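The structure appears right after this line, and notes come after that.
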Amino acid sequence: MGVGRRLYLPGGSPVHRLPPQCKLLAVLAFAIVMVATPREWFWAFGLYAGMLAAVAAVARIPPGHILRRMVVELPFVLFAFLIPVIGLGERTEVLGLSLSVPGLWAAWNILAKATLGVTASILLASTTEPRDVLVGAQRLRVPDLLVQIAMFMLRYLDVILDEMRRMRVARESRGFQARDLRHAPVIARSAGALFIRSYERGERVHLAMLSRGYSGQMPIIHDLSATARQWGTALALPLAALAVLLLGGLAA
Amino acid sequence: MIPNSLEVSRLAYAYPDGTQALFGVDLTIGRGERVALLGPNGAGKTTLVMHLNGILTPGHGTVTVAGTPVRRDTLKEIRQRVGLVFQDPDDQLFMPTVRDDVAFGPANAGVRGEELAAVVKNALDRVGMLDVADRPPHHLSFGQRRRVAVATVLAMEPEILVLDEPSSNLDPAARRELAEILRSLDVTVLMVTHDLPYALELCERAMILSDGVVAADGPTRELLGDAELLARHRLELPYGFAIPAAAERG
Amino acid sequence: MHVPDGFFTAAVSVSAGVVAAAGVAVCLRGARRELDDRTAPMAGLVAAFVFAVQMLNFPVAGGTSGHLLGGALAAILAGPFTGVLAIAVVLLVQALFFADGGLTALGVNIILMGLVTVLVGWGVFRLVTRVVPGRGGVTAASFAAALLSVPASALVFTLLFWIGGTAPIDLATVAAAMTGVHVLIGVGEGLITALTVAAVLSVRPDLVYGARELAAPLVLRGADGTSTVTGRAPEPAAGAGRLPFLLGGLGVSLLLAGIVSFFASPHPDGLESVAEEQGFLGQATDHVFGGFALADYGEVGGIPVGVAGIVGVALTLIVAGVIAYAARVRGRASSGERV
Ligand SMILES: Nc1ncnc2c1ncn2[C@@H]1O[C@H](COP(=O)(O)OP(=O)(O)OP(=O)(O)O)[C@@H](O)[C@H]1O
Ligand SMILES: [Mg+2]
Numbered sequence: 001m002g003v004g005r006r007l008y009l010p011g012g013s014p015v016h017r018l019p020p021q022c023k024l025l026a027v028l029a030f031a032i033v034m035v036a037t038p039r040e041w042f043w044a045f046g047l048y049a050g051m052l053a054a055v056a057a058v059a060r061i062p063p064g065h066i067l068r069r070m071v072v073e074l075p076f077v078l079f080a081f082l083i084p085v086i087g088l089g090e091r092t093e094v095l096g097l098s099l100s101v102p103g104l105w106a107a108w109n110i111l112a113k114a115t116l117g118v119t120a121s122i123l124l125a126s127t128t129e130p131r132d133v134l135v136g137a138q139r140l141r142v143p144d145l146l147v148q149i150a151m152f153m154l155r156y157l158d159v160i161l162d163e164m165r166r167m168r169v170a171r172e173s174r175g176f177q178a179r180d181l182r183h184a185p186v187i188a189r190s191a192g193a194l195f196i197r198s199y200e201r202g203e204r205v206h207l208a209m210l211s212r213g214y215s216g217q218m219p220i221i222h223d224l225s226a227t228a229r230q231w232g233t234a235l236a237l238p239l240a241a242l243a244v245l246l247l248g249g250l251a252a
Numbered sequence: 001m002i003p004n005s006l007e008v009s010r011l012a013y014a015y016p017d018g019t020q021a022l023f024g025v026d027l028t029i030g031r032g033e034r035v036a037l038l039g040p041n042g043a044g045k046t047t048l049v050m051h052l053n054g055i056l057t058p059g060h061g062t063v064t065v066a067g068t069p070v071r072r073d074t075l076k077e078i079r080q081r082v083g084l085v086f087q088d089p090d091d092q093l094f095m096p097t098v099r100d101d102v103a104f105g106p107a108n109a110g111v112r113g114e115e116l117a118a119v120v121k122n123a124l125d126r127v128g129m130l131d132v133a134d135r136p137p138h139h140l141s142f143g144q145r146r147r148v149a150v151a152t153v154l155a156m157e158p159e160i161l162v163l164d165e166p167s168s169n170l171d172p173a174a175r176r177e178l179a180e181i182l183r184s185l186d187v188t189v190l191m192v193t194h195d196l197p198y199a200l201e202l203c204e205r206a207m208i209l210s211d212g213v214v215a216a217d218g219p220t221r222e223l224l225g226d227a228e229l230l231a232r233h234r235l236e237l238p239y240g241f242a243i244p245a246a247a248e249r250g
Numbered sequence: 001m002h003v004p005d006g007f008f009t010a011a012v013s014v015s016a017g018v019v020a021a022a023g024v025a026v027c028l029r030g031a032r033r034e035l036d037d038r039t040a041p042m043a044g045l046v047a048a049f050v051f052a053v054q055m056l057n058f059p060v061a062g063g064t065s066g067h068l069l070g071g072a073l074a075a076i077l078a079g080p081f082t083g084v085l086a087i088a089v090v091l092l093v094q095a096l097f098f099a100d101g102g103l104t105a106l107g108v109n110i111i112l113m114g115l116v117t118v119l120v121g122w123g124v125f126r127l128v129t130r131v132v133p134g135r136g137g138v139t140a141a142s143f144a145a146a147l148l149s150v151p152a153s154a155l156v157f158t159l160l161f162w163i164g165g166t167a168p169i170d171l172a173t174v175a176a177a178m179t180g181v182h183v184l185i186g187v188g189e190g191l192i193t194a195l196t197v198a199a200v201l202s203v204r205p206d207l208v209y210g211a212r213e214l215a216a217p218l219v220l221r222g223a224d225g226t227s228t229v230t231g232r233a234p235e236p237a238a239g240a241g242r243l244p245f246l247l248g249g250l251g252v253s254l255l256l257a258g259i260v261s262f263f264a265s266p267h268p269d270g271l272e273s274v275a276e277e278q279g280f281l282g283q284a285t286d287h288v289f290g291g292f293a294l295a296d297y298g299e300v301g302g303i304p305v306g307v308a309g310i311v312g313v314a315l316t317l318i319v320a321g322v323i324a325y326a327a328r329v330r331g332r333a334s335s336g337e338r339v
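Protein chains in written order, with full-length UniProt numbering: chain A, 1 to 252; chain R, 1 to 250; chain B, 1 to 339.
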C-alpha cells in the first residue's frame with residue numbers, strides 16, 4: 001500500500017506536459033459541471049465518459065490502470081445499492097424486490113457521477129507528479145501554509161509508513177498476530193510510538209529548516225507559469241462538458 | 001586580529017523533559033582548523049552541535065561565532081556562516097526533490113533563477129550526486145542521502161562546517177571521497193565522529209566530550225595514543241589499528 | 001468514509017466547500033498562533049501519522065474490520081487546530097493523489113472527518129477531563145471522545161444526505177441505523193485512541209497536547225552541581241483571544257455558504273425541474289421535506305435555499321454549542337486556578 005498506491009505514470013504526452021494548475025482547475029470544473037448535470041440525461045453522461053476516454057487516449061493511460069484504481073469507490077457503491085431499499089417514495093418491483101423509484105434514480109446518479117469523478121481524478125493523478133500538483137495548487141491560491149503541510153506530509157509518508165512496517169515486522173517476528181480487539185493494546189502501543197517518532201521528526205526537520213535560513217515562508221524555487229494557450233487546451237474539457245449541459249438545458 | 005571561528009564558554013543545557021545534557025562546555029576553535037569531537041553515546045555531542053547555529057538556546061553560558069555572539073537578532077547571519085550537517089539525513093532532506101532541497105538554503109538567502117541553478121549544480125557536482133538531482137530524497141540509498149545532505153550545506157558556502165557523524169553508514173569509497181571533499185574546502189571544520197581513524201586522518205586536533213563536559217583537548221595523535229584516556233571515556237580504536245609512528249614534528 | 005462525487009447536489013457540495021475552507025482558514029490561524037514557524041513541518045508530520053494510522057485496521061464484531069478515522073486522536077495529541085489541518089491535508093492528498101474521495105465532495109469530507117470529529121472529539125475530551133482529572137481522566141476522556149466522534153460524523157452525514165443528498169430517505173430510520181453501526185465502530189476507535197494516548201502519555205507526556213496541564217515542573221541542574229526548580233511549564237497561549245475569532249469566522253462562513261448556495265441555484269436546479277416535469281418530484285419532496293420547518297422555503301424560492309439554510313443552522317448549532325461549552329468550561333477553570 002502507500003507508495004504502491006501512488007498513481008503517477010511518467011510520460012511525455014501533451015496531457016503530461018500541461019502546467020499543473022491548468023489541469024487541476026480543469027478537473028475541478030469538469031467535476032462540478034458533471035455533478036450539476038440532471039441524472040435523467042443518460043446521453044450527457046455518455047458524452048462525458050467519451051471525453052474522459054479521449055483524454056486517457058491522448059495521455060496514453062492504459063484502461064487497466066484506471067480500472068484497478070476504481071476500487072476506492074466500492075464502499076460507496078454498496079451504499080448506493082442500499083438506497084433503493086431504504087429510500088422513500090413510489091415503489092416498484094424488481095426481481096421480486098420492492099424498491100423505491102427515487103432511490104433507484106439516486107443510486108444511478110451516485111454510480112454514474114462517482115465513477116466519472118474518480119476517473120477524472122485518476123487521470124489527473126496519473127499524468128501529474130505529486131510535487132507538481134502541489135505547485136499547481138499553490139498557483140491557484142490555495143494557502144501557502146496548507147501546501148507546505150501537504151508537501152511535508154508527502155515527503156515523510158514513506159518514512160513513516162516504513163517505520164510502521166518495521167514495527168509490524170518486529171511484532172510479527174515475535175509471533176504476534178492481531179486477531180481480535182483484545183490485541184488492541186499492542187497495536188495502540190505501536191501507534192503511540194509512531195506518533196512520538198513522527199512528532200520528534202517534525203521537530204528535527206524544523207530545526208534543519210531553521211539552520212538553512214527558514215523563517216516561515218517557503219522560498220520561491222520554481223516558477224511555473226501557464227500560457228493562454230495551455231489554459232485553453234486544459235479548459236477544453238470542462239468547457240465541452242459545460243456545452244453539453246447548456247445544450248441539454250436548451251433542449252429541455 | 002582574526003577572531004576565533006568558535007568560542008563556547010560555560011555552556012549548559014537541559015532538554016524540556018528535564019534531561020540535562022551539557023554541564024558547562026568550554027572550547028575555542030581557530031580559523032581554518034579542523035577539529036574532531038569525540039565521545040561516547042549520549043555524551044552531549046549532538047546537543048552541543050545544535051547550539052553552534054542557535055537551534056538550541058543555551059540554558060547558561062555563551063556561544064560566539066567569528067566574533068558575533070549567537071543571539072536572537074544575529075541568528076540569520078549566524079546560520080549563513082555555520083553550516084550544519086545532521087546526524088540523520090532524513091531530518092535534513094525535507095523537500096520533494098534533491099534539487100529543491102539543495103536550493104532551499106541559498107533561496108532563503110535570496111539567490112534566484114540562473115544563479116540558483118548554478119549554485120545547486122556546483123554543490124551536487126562536488127559530492128558526485130548530480131545525476132540524482134530530480135529524484136525524491138527518500139528514494140536514495142542512505143549513503144547517497146548523506147552526500148546530498150552535505151551538498152545542501154555546501155550550497156550555502158558556510159565559513160564553518162559542522163558535521164554530526166558524517167562517515168557513519170558510508171561505504172569505504174564514499175568515506176574516502178567525503179574526506180577528499182572536506183580536505184579541499186578552505187573552511188573551519190568541526191566533525192563529530194565515532195570513527196577514530198577518520199578523525200586521525202582528517203583532523204590535527206581532537207576533543208573528547210564526556211558527560212556533558214570537555215574531558216580532553218589536544219592533538220588527535222596524542223589523544224588517540226593515550227589508551228587509558230580512551231578507555232575512561234568508552235572510546236576504542238578498531239581492532240588491529242595502531243597509531244602510525246609519530247612523524248617528526250617541525 | 002470518503003464520500004465520492006455525486007452523493008450531494010452541486011449546491012450542497014459548493015456550500016460545504018466554502019464552510020470547510022473557512023474552517024480550515026480558522027485552523028491555519030490557530031495553528032500558526034500555537035506553533036508559529038513550526039506549523040508546516042509539525043502539521044505535515046502529524047498528517048503523515050494520521051495517514052499511517054488510518055491504515056491500521058482493527059477487527060470489529062463478525063469478521064468485519066474498521067479503520068481509524070483519527071480525528072479525535074489527532075486533536076488530543078496535537079491540538080484541535082493542528083488536528084483539523086492534518087486531517088484536511090490527508091483528505092486533500094487522498095483526493096488528489098489517490099483519487100480517494102471526490103473533488104467536489106472534498107468540502108463534505110473535510111466537514112465530516114475533520115471538523116465534526118475534531119470538534120466533537122475535542123469538546124467531549126475537554127468536558128470529561130474537567131470532570132475526571134489526572135492521567136486516568138485523560139485516558140477515559142480519549143475513549144469517550146473518540147467513541148462519540150464516530151457516530152457524530154455518521155449522523156452529520158445522514159443529516160447532510162437527508163437535506164442535500166440525491167435520494168429521499170427517512171431521517172429517523174437511517175439515523176438510527178447509522179448510529180447503531182457507528183457506535184460499534186466507535187468502540188474500536190475509542191479503545192485504540194485511548195490506548196494510544198495512554199502509551200504516549202507514559203513515554204513523552206509533554207507531547208500530549210490535551211494533557212499539558214499534567215506537566216511536572218522542570219528541574220535545571222547547573223554546571224556547578226546546584227539545582228534550580230523552574231515554575232510550572234508555561235501555559236500555552238490562552239484560548240480566550242481566539243474563541244471570538246473562531247465563532248466569528250464560522251458565522252461568516254455559514255453566512256457565505258448560504259449566499260453562495262442561493263446564487264448557485266436561484267431556481268430549482270436542472271435535476272429538480274426535469275423531475276417536476278416528469279411528475280414525481282412532488283411526492284418525493286413531500287416525503288423529504290414534509291413536516292420540516294423550513295419546507296415552506298421550497299415553495300417560495302426553491303429547495304436549494306432551504307438546503308443552505310438547514311446546513312447553516314445545523315452546523316451553527318453544533319459548532320456554537322461545542323464552542324460555547326468549551327469556552328465556559330475553560331473560563332471556569334482558569335478563574336478557579338487564580339483563586
Ligand atoms: N530531544 C531530547 N529530549 C530529551 N533528552 C534528550 C533529547 N535529545 C537528547 N537527549 C539526551 O541528552 C543527552 C545527550 O544526547 P546527545 O544526542 O547530545 O548525545 P550524543 O553525544 O550526540 O550521542 P550519540 O553518539 O549517540 O549521537 C542524552 O542523555 C540524551 O538522552
Ligand atoms: Mg549524536
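C-beta: ideal position from N, C-alpha, C; glycine also.
Note that the structure is a prediction, hence the values are computed from the model and not measured.
When the options are compared against residue i, the one with the closest alpha-carbon
i                      : options                                   : result
B/Val108               : B/Ala10, B/Gly186, B/Ser202 and B/Ala145  : B/Ala10
R/Leu202               : R/Thr97, R/Val192, R/Gly54 and R/Gly44    : R/Val192
R/Glu7                 : R/Gly44, R/Val82 and R/Tyr15              : R/Val82
B/Met55                : A/Leu245, A/Ile160 and A/Ser211           : A/Ile160
residue 423 of chain B : B/Phe7, B/Ala194, B/Thr158 and B/Leu35    : In the structure as shown, chain B begins at 1 and stops at 339. Residue 423 of chain B is therefore absent and cannot be evaluated.
B/Val156               : B/Leu112, B/Val26, B/Cys27 and B/Gly23    : B/Leu112
A/Ile83                : B/Ala198, B/Glu189, B/Val208 and B/Asp170 : B/Asp170
CB contact flag (residue i, residue j, <8 Å)
i                      : j        : result
B/Thr104               : A/Gly117 : yes
A/Met167               : A/Ser190 : yes
residue 254 of chain R : R/Arg99  : The shown model of chain R, from 1 to 250, leaves out residue 254 of chain R, and the question about it has no answer.
A/Ala240               : A/Met70  : no
B/Gly101               : A/Met153 : no
R/Gln92                : R/Thr152 : yes
R/Val70                : R/Gly54  : yes
R/Arg183               : R/Leu200 : no
Buried versus exposed, by CB contacts within 10 Å (16 or more), residue i
i                      : result
R/Ala227               : exposed
R/Gln20                : buried
B/Val300               : Summary for B/Val300: the model assigns pLDDT 27, below 50, so the residue's position carries little reliability; its value from the coordinates is reported in the next sentence. Exposed.
R/Asp90                : buried
R/Arg234               : exposed
residue 373 of chain B : One cannot answer for residue 373 of chain B here, as it falls past the ends of chain B, which runs 1 to 339.
R/Ser141               : exposed
B/Thr173               : exposed
R/Asn41                : exposed
A/Ser215               : exposed
Cβ neighbours of residue i in the same chain (closer than 7 Å, five flanking residues each side left out)
i        : result
A/Ala26  : Ala234, Leu235, Leu237 and Pro238
B/Ala211 : Val138, Leu201 and Pro205
A/Ala226 : Pro19, Gln21 and Cys22
B/Ser13  : Thr104, Ala105, Gly107 and Val108
A/Trp105 : Arg39
Nearest-angstrom Cα separation, counted from residue j out to residue i
i        : j        : result
R/Arg102 : B/Ala74  : It is Val, not Arg, that sits at residue 102 of chain R in the sequence shown. Those two C-alpha atoms are separated by around 32 Å.
A/Ala112 : A/Ala125 : 20 Å
R/Glu157 : A/Met164 : 37 Å
A/Met209 : A/Ala44  : 51 Å
A/Val77  : B/Gly114 : 23 Å
Own chain partners of residue i with C-beta closer than 6 Å, once the 5 adjacent residues on each side are dropped
i        : result
B/Val118 : Gly71, Ala75, Pro80, Gly83 and Val84
B/Ala47  : Ala86, Val89 and Val90
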